[in-house]
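Here's the structure we're looking at; comments come further down.
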Amino acid sequence: MVMEDYEIHITHRITEKEKQEFGEEHAKRYGFGSVKQWRTVMMIEANLGYKFSGSSYWDLKDFISKYFESAKRETFELSGGSLVVIFINKFGRL
19 MVMEDYEIHI
29 THRITEKEKQ
39 EFGEEHAKRY
49 GFGSVKQWRT
59 VMMIEANLGY
69 KFSGSSYWDL
79 KDFISKYFES
89 AKRETFELSG
99 GSLVVIFINK
109 FGRL
């Protein structure tokens, strides 16, 4: 599978400022998780449509790890693919 096989549709590019504000706001609101973890949650929610609905730090870790676990599975299913291709496909860029 080559890069031309992927179509990227961008409706809104999330800025660094938006990601940082989301991370800071959610870390403060929930009282657990780092800003970086909450930024990752934002990207998963925005790009894949999954919504975080947990109430603990472990729910947060599980939410993030489920995405990376599915990305690993897809990587092994692609012949000659790599994790970079998965990230470009799902996030539109690295």
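Each residue of the sequence shown is one higher than the last, beginning at 19 in my numbering.
Backbone N, C-alpha and C define an ideal beta-carbon position, used for all residues, glycine too.
Here the structure is a predicted model, which means the values were calculated and not measured.
Run of the alpha helix (DSSP H) containing residue i, from where it starts to where it stops
| i | result |
| --- | --- |
| lysine 35 | 34 to 48 |
| lysine 54 | 53 to 66 |
Beta-carbon spacing of residue i, residue j below 8 Å
| i | j | result |
| --- | --- | --- |
| tyrosine 48 | isoleucine 62 | no |
| tyrosine 75 | phenylalanine 50 | yes |
| tryptophan 82 | valine 59 | Tryptophan is not the amino acid found at residue 82; the sequence shown has isoleucine there. Contact flag set, yes. |
| alanine 64 | tryptophan 56 | no |
| glycine 72 | leucine 78 | yes |
Proximity test, residue i beta-carbon vs the ligand ATP heavy atom, cut-off 7 Å
| i | result |
| --- | --- |
| threonine 58 | This structure lacks the ligand ATP; in fact it carries no ligand of any kind. |
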